[in-house]
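Peer 1:
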Amino acid sequence: MNPQRRRAGVLLAAVTLGATLTGCGQVINPYTTELQYDPADGVSATVGDLKAVNLLIVNDDKTHKGALEGLVYNKANEDRQLTLSVAGTDTQVTVPAGQSVRLDGKANGNGSAKVSPVEVASIGDSKPGDQIDMTLKATPGGSTQVAVPVVLDQYPYGSASVEHAEDVEPKEGHDVGISESTPAPTGEEEKGTSVTSH
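Per full-length UniProt numbering, the very first residue in the sequence shown carries number 1; after that it's consecutive.
(1) Determine the direct distance from the alpha carbon of residue 107 to that of residue 86, and round the result to whole angstroms.
(2) Say whether the segment 61 to 71 touches the segment 144 to 162, bearing in mind that this needs 3 or more beta-carbon pairs closer than 8 Å, one atom from each stretch.
(3) Please list the terminal residues of the continuous beta strand (DSSP E) segment that includes residue 149.
(4) Would you please state the rounded distance, in angstroms, between the beta carbons of residue 43 and residue 118? I believe it to be under 8 Å.
(5) Under 6 Å Cβ to Cβ from residue 73, same chain only, skipping five residues before and after it: list those, please.
(6) Straight-line CA distance for residue 172 to residue 164?
(7) Could you check the C-alpha separation between residue 83 and residue 40 for me, to the nearest Å?
(8) So, at 7 Å on beta carbons, what are the nonlocal neighbours of residue 102 in its own chain, with the 5 sequence-adjacent residues on each side left out?
(9) Between which two residues does the beta strand (DSSP E) containing residue 75 stretch?
(10) Answer with buried or exposed for residue 112, where buried requires no fewer than 16 other C-beta atoms within 10 angstroms of its C-beta.
(11) How about residue 55 and residue 146: are their beta carbons less than 8 Å apart?
(12) Going straight from the alpha carbon of residue 123 to that of residue 105, what length do you get?
(13) Report buried or exposed for residue 80, applying the criterion of at least 16 other Cβ atoms within 10 angstroms of its Cβ.
(14) Rounded to whole angstroms, what's the CA-CA distance from residue 139 to residue 59? Just pull it up for me.
(15) Mind checking residue 45: buried by the 16 CB within 10 Å criterion, or exposed?
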């Protein structure tokens with residue numbers, strides 16, 4: 001084989017291998033930045049002029065009911081009705097034109113629009129970690145179904161809050177961290193250990 005052909009073949013193989021290893025010519029898989037995903041614990045859905053984000057159901061893992069959390073934005077110039085259906089129970093929410101509402105009943109940032117908290121009467125046998133099918137119907141606008149996650153009633157969702165132990169003041173004559181049953185060290189135990197500085 002001609003040495004020039006051999007060099008050309010090696011060069012072609014090196015260029016092909018380099019392009020393959022660096023991902024050039026990405027034709028099989030989409031770029032990660034082009035994937036649509038929900039950057040939250042909840043799920044999103046669009047129905048008509050309404051966009052719902054971070055939908056999730058908070059449950060205390062003791063009862064079969066829950067509280068729906070999430071935010072719904074209305075991009076229309078008129079108020080829109082949203083019907084949320086979970087396990088056969090319907091709840092209607094009015095979303096004002098050009099505004100958003102939180103489904104937990106709290107105000108959204110500087111917005112003044114509020115709705116009553118949306119309660120889920122029954123999540124059946126579902127428990128935190130499961131998903132429940134929910135239908136969202138906009139009037140006008142059609143409907144869509146999403147699988148909404150059930151999360152435990154703990155920070156940052158639900159009504160649970162972080163609790164800390166009470167501060168305890170040390171008793172007079174007692175050092176913090178030494179229990180009453182542990183004797184304090186005496187000078188004899190420290191013989192043989194000395195610290196010197198130079």
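In this text, a Cβ means the ideal position worked out from N, Cα and C, and glycines have one as well.
Peer 2: Inspection of the coordinates gives the following:
(1) The residue you call residue 86 lines up with position 86 of the sequence shown. The residue you call residue 107 lines up with position 107 of the sequence shown. Roughly 24 Å between the two C-alpha positions.
(2) They touch, by the three-pair rule.
(3) Stepping through the sequence shown from its first residue, residue 149 is reached at position 149. 142 to 152 is the extent of the beta strand (DSSP E) around residue 149.
(4) In the sequence shown, the residue the question calls residue 43 occupies position 43. In the sequence shown, the residue the question calls residue 118 occupies position 118. A Cβ-Cβ distance of about 15 Å is found for the pair residue 43 and residue 118, leaving them out of contact under the 8 Å criterion.
(5) Counted from its first residue, the sequence shown places residue 73 at position 73. Excluding residues up to 5 positions away in sequence, 51 and 100 lie with their Cβ nearer than 6 Å to the Cβ of residue 73 in the same chain.
(6) The residue you call residue 172 lines up with position 172 of the sequence shown. The residue you call residue 164 lines up with position 164 of the sequence shown. For the pair residue 172 and residue 164, the Cα-to-Cα distance works out to about 24 Å.
(7) Numbered from 1 along the sequence shown, position 83 holds the residue referred to as residue 83. Numbered from 1 along the sequence shown, position 40 holds the residue referred to as residue 40. Approximately 23 Å, taken between the alpha carbons.
(8) As a first step, residue 102 is located in the sequence shown; it is residue number 102 there, counting from the start. Around residue 102: 71 and 108.
(9) Sequence index remark: in the sequence shown, residue 75 carries index 75 (1-based). Here residue 75 belongs to no beta strand (DSSP E), and DSSP marks it neither H nor E.
(10) For the purposes of this step, residue 112 is identified with residue 112 of the sequence shown, where counting begins at 1. With fewer than 16 other Cβ atoms within 10 Å, it is exposed.
(11) Here residue 55 is taken as the residue at index 55 of the sequence shown, counted from 1. Here residue 146 is taken as the residue at index 146 of the sequence shown, counted from 1. Going by C-beta atoms, residue 55 is nearer than 8 Å to residue 146.
(12) For this step, residue 123 is matched to residue 123 along the sequence shown. For this step, residue 105 is matched to residue 105 along the sequence shown. Computed Cα separation, rounded: 20 Å.
(13) Mapped onto the sequence shown, residue 80 falls at position 80. With 16 or more other Cβ atoms inside 10 Å of its own Cβ, residue 80 counts as buried.
(14) In the sequence shown, the residue the question calls residue 139 occupies position 139. In the sequence shown, the residue the question calls residue 59 occupies position 59. For residue 139 and residue 59, the distance between alpha carbons rounds to 29 Å.
(15) In the sequence shown, residue 45 corresponds to position 45, counting from 1. Classification of residue 45: buried, given that the 10 Å Cβ count is 16 or more.
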